[in-house]
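Novice: In my numbering, the protein residues as written are -4 to 403.
All C-beta atoms, glycine included, are put in the ideal place defined by N, C-alpha and C.
Take this structure, written in structure tokens, and hold onto it; I'll ask about it next.
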Amino acid sequence: MATDIDARRAKVADEVKFDILTETQELDNEKQIKQITRAFISDTITVPTKEMYAYAVRASVGDDVYHEPSTLALEAHMARLTGKEAALFMPSGTMSNQIGLRTHLRQPPYSVLCDVRAHINKYEAGGTAFHSGAHTIPLTPANGHHLTLPEVEANVVLGYDVHSAPTEVVALENTLNGTIFPQDEIISISDFAHSKDIKMHLDGARIWHVAASTGASIKELCDPFDSVSLCFSKGLGAPVGSCLVGTKEYIAKARWFRKLFGGGMRQIGILAASAAYALTHNFPRLVAAHDLTKRLEQGLKDIGVEITSPGETCMVFYDPSSVGVEFGEIVDRASKLPEPIILAGSRLVVHIQTSPAAVEDFLQLVQELAKEKRKAGFDPAQYKAHVNGNGHIHSYKDIYVRGVKPTN
Ligand SMILES: Cc1ncc(COP(=O)(O)O)c(C=O)c1O
């Protein structure tokens, strides 16, 4: 006979239970997988495959706050691969960068010097100020591509002037917007920074692409840095995870901060194994993604579209003003194709699950729009003259149909 407490427990169990899977889950997933093959918004959207998950469920099942074996094995591999003493698995690239910086920085006042476009500067919610109390010195590279030693030398804050926040970390990013930082420049910056007792951190979320493109080893690319953050969940296609690497002492402190930040994770063997699967099976596929990016870049150039940041690895940035088209029009028309293409703004990201057909469909769409604009009176030659004559364009509408708008 059920007691009162049993009845109450059964009621609670009834309230608690939840079936997350929809009736059409498999079909929904297939739709999602199809969508991401035609989405150029990011490489974080790749989906874990059945093969990856089949491998992952065989991982060890321990609690990683108490050092679980599969995660430890991945960390040991990452330390070896990067040529550092130790590594720490992190839930995200943001946490890996932020703990990476926090572990170097002990007591304000201090500053972190980086590229103005860096993820730590633009896309980590002001974390460097929040977590580390650090001032950021964001630099715009004069060459539009990467920071140079003279720029770093001219902008680091040295010495003991009480008005200043001395630079304690130079943080670089490679790739940055999909472009490859020349390694000889990195080495020069690193030699200079180290000579001034400044630490070097690398946001190497996509360092894999540099190795895949240039053939340089991961160790060689990481050598100039005291700490490096590498991501598994972007180009490599794992569902979750990044790794921070550095000296044993540094990683021991970072492990402490990871707990403090709430990033100590439990049964994550399955995530470590997904990352390991991605390293083995997906790293070799990056070259094909780079080829697709090159195809995108060349296709856009052939149409007359301006490339604003070159397709060196998995990203290319473009500006369709040169053919009289606005981003909004492309995004809108792409979403209405029989097989829609998902776009954001000027950035096109190719990933290992991008469909080559989506690249061709996108190029065909841009070509069609450019043709329509020409038919309607847009003159690319006038546009070019306008841009060359004035150094910049106010709006393509200025030269659309009405001709070049005089400026002084
Ligand atoms: C260069 C770079 N670093 C760090 C991150 C942060 O990674 P997460 O989204 O895992 O926090 C990103 C995210 O896209 C990134 O592009």
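Mark isoleucine 0 as exposed unless 16 or more other C-beta atoms lie within 10 angstroms of its C-beta, in which case mark it buried.
Specialist: Within the sequence shown, the letter at position 5 stands for residue 0. The residue is exposed, with fewer than 16 neighbouring Cβ atoms inside 10 Å.
Novice: The beta strand (DSSP E) that contains methionine 195, what's its start and end?
Specialist: On the sequence shown, position 200 is the one that residue 195 refers to. Run containing methionine 195: 194 to 199, per the beta strand (DSSP E) assignment.
Novice: Judging by CA-CA distance, which residue of Thr308, Gly121, Ala188 is the nearest neighbour of proline 145?
Specialist: Residue numbering aside, residue 145 sits at position 150 when the sequence shown is read from its first letter. Residue Ala188 is the option with its Cα nearest to proline 145.
Novice: Near ligand 1, which residues have their beta-carbon closer than 5 Å to a heavy atom?
Specialist: Ser87, Gly88, Thr89, His114, Asp198, Ala200
Novice: How close, in whole Å, do the beta carbons of glutamate 63 and isoleucine 263 come, if the pair is a contact with beta carbons under 8 Å?
Specialist: Within the sequence shown, the letter at position 68 stands for residue 63. Within the sequence shown, the letter at position 268 stands for residue 263. In this structure glutamate 63 touches isoleucine 263 by the C-beta definition: roughly 7 Å separates them, less than 8 Å.
Novice: Sort out for me which residues DSSP pairs arginine 342 with in a bridge.
Specialist: Here residue 342 is taken as the residue at index 347 of the sequence shown, counted from 1. According to DSSP, arginine 342 bridges with Phe312.
Novice: Quick one, which of Ser208, Glu215, Glu10, Ser224 has its alpha-carbon nearest leucine 197's?
Specialist: Numbered from 1 along the sequence shown, position 202 holds the residue referred to as residue 197. Of the candidates Ser208, Glu215, Glu10, Ser224, the one whose C-alpha sits nearest the C-alpha of leucine 197 is Ser224.
Novice: Using a 10 Å radius around the Cβ and a threshold of 16 neighbouring Cβ atoms, would you call glutamine 348 buried or exposed?
Specialist: Within the sequence shown, numbered from 1, the residue matching residue 348 stands at position 353. Glutamine 348 is buried by the Cβ-count criterion.
Novice: Rounded to the nearest angstrom, what separates threonine 131 and histidine 114 at their Cα positions?
Specialist: The residue you call residue 131 lines up with position 136 of the sequence shown. The residue you call residue 114 lines up with position 119 of the sequence shown. Straight across, the Cα-Cα distance linking threonine 131 with histidine 114 is about 12 Å.
Novice: Measuring CB atoms only, is the segment 300 to 312 touching the segment 3 to 12, in the sense that at least three cross pairs come out at less than 8 Å?
Specialist: no
Novice: Which first and last residues belong to the alpha helix (DSSP H) in which leucine 332 is found?
Specialist: For the purposes of this step, residue 332 is identified with residue 337 of the sequence shown, where counting begins at 1. Where leucine 332 is concerned, there is no enclosing alpha helix (DSSP H), given that its DSSP letter is neither H nor E.
Novice: For cysteine 226, which residues does DSSP report across the bridge?
Specialist: Here residue 226 refers to the residue found at position 231 of the sequence shown. According to DSSP, which records beta bridges pairwise, cysteine 226 is partnered with Ser237.
Novice: Given a threshold of 16 other Cβ atoms within 10 Å of its Cβ, counted over all protein chains shown, does lysine 368 qualify as buried or as exposed?
Specialist: Here the question's residue 368 lines up with position 373 in the sequence shown. Buried, since its Cβ has 16 or more Cβ neighbours within 10 Å.
Novice: Beta carbon of leucine 255: closer than 7 Å to some heavy atom of ligand 3?
Specialist: Of the ligands this structure carries, namely ligand 1, none is ligand 3.
Novice: Apart from the five residues just before and just after serine 222, which ones in its own chain have a Cβ nearer than 6 Å to its Cβ?
Specialist: Residue 222 sits at position 227 when you count from the first residue of the sequence shown. Only Gly95, His196, Gly241 meet the Cβ criterion.
Novice: Using 8 Å as the threshold, is the C-beta distance between leucine 171 and isoleucine 181 below it?
Specialist: If you number the sequence shown from 1, residue 171 lands on position 176. If you number the sequence shown from 1, residue 181 lands on position 186. Not closer than 8 Å, so no.
Novice: In whole angstroms, give me the CA-to-CA distance for asparagine 92 and histidine 99.
Specialist: The count along the sequence shown starts at 1 and reaches residue 92 at position 97. The count along the sequence shown starts at 1 and reaches residue 99 at position 104. Those two C-alpha atoms are separated by around 11 Å.
Novice: Between Pro375, Arg342, Ile336, Leu134, which has its C-alpha nearest isoleucine 28's C-alpha?
Specialist: Numbered from its first residue, the sequence shown carries residue 28 at position 33. Measuring from the Cα of isoleucine 28, the nearest candidate turns out to be Ile336.
Novice: Taking the alpha carbon of tyrosine 272 as the point to measure from, which residue in Val235, Glu292, Ile246 has its own alpha carbon closest?
Specialist: The residue labelled residue 272 in the question sits at position 277 within the sequence shown. The option with the nearest alpha carbon to tyrosine 272 is Val235.
Novice: Taking only three categories from DSSP, how would you classify glutamate 355?
Specialist: Mapped onto the sequence shown, residue 355 falls at position 360. Looking at glutamate 355 - three-state DSSP - the assignment turns out to be helix.
Novice: Would the beta-carbon of proline 161 fall within 8 Å of that of valine 152?
Specialist: Translated into the one-based positions of the sequence shown, residue 161 becomes position 166. Translated into the one-based positions of the sequence shown, residue 152 becomes position 157. Yes, Cβ-Cβ distance for proline 161 and valine 152 is below 8 Å.
Novice: State the CB to CB distance for the pair valine 282 and methionine 310, rounded to an integer number of angstroms; the pair is presumed to be in contact (CB under 8 Å).
Specialist: On the sequence shown, residue 282 is found 287 positions in, with the first residue counted as 1. On the sequence shown, residue 310 is found 315 positions in, with the first residue counted as 1. Incorrect: roughly 15 Å between the Cβ atoms, too far for contact.
Novice: Give me whichever residues DSSP pairs with valine 165 in a beta bridge.
Specialist: Translated into positions along the sequence shown, residue 165 becomes position 170. In the DSSP output, where bridge partners are listed per residue, valine 165 has Leu108, Met195.
Novice: Between the segment 286 to 300 and the segment 79 to 86, can you find at least three pairs of beta-carbon atoms closer than 8 Å?
Specialist: At 8 Å Cβ cutoff, the stretches do not touch.
Novice: Please list, in chain order, all residues of the same chain as threonine 41 whose beta carbon is under 7 Å from its beta carbon, the five residues on each side excluded.
Specialist: The residue labelled residue 41 in the question sits at position 46 within the sequence shown. If we look at threonine 41 and ignore the five residues flanking it on each side, its Cβ neighbours are Ile31, Gly232, His346, Ile347, Gln348.
Novice: Who does histidine 468 pair with in a DSSP beta bridge?
Specialist: The chain is shown only over -4 to 403; residue 468 falls outside these bounds and no answer can be derived.
Novice: Under 8 Å, do leucine 142 and proline 133 count as touching if we go by C-beta distance?
Specialist: Here residue 142 corresponds to residue number 147 of the sequence shown, with the count starting at 1. Here residue 133 corresponds to residue number 138 of the sequence shown, with the count starting at 1. Taking 8 Å as the Cβ cut-off, leucine 142 and proline 133 do not qualify as a contacting pair.
Novice: Taking all protein chains shown into account, do 16 or more other C-beta atoms lie within 10 angstroms of the C-beta of threonine 17, making it buried, or fewer, making it exposed?
Specialist: Within the sequence shown, numbered from 1, the residue matching residue 17 stands at position 22. With fewer than 16 other Cβ atoms from the protein chains shown falling within 10 Å of its own Cβ, threonine 17 counts as exposed.
Novice: Indicate whether valine 157 and lysine 194 have their beta-carbon atoms separated by less than 8 Å.
Specialist: The sequence position of residue 157 within the sequence shown is 162, counting from 1. The sequence position of residue 194 within the sequence shown is 199, counting from 1. Result no, Cβ atoms of valine 157 and lysine 194 do not sit closer than 8 Å.
Novice: Around the Cβ of alanine 406, are there at least 16 other Cβ atoms within 10 angstroms (buried) or fewer (exposed)?
Specialist: Nothing can be reported for residue 406: it is not among the residues displayed for the chain, which extend from -4 to 403.
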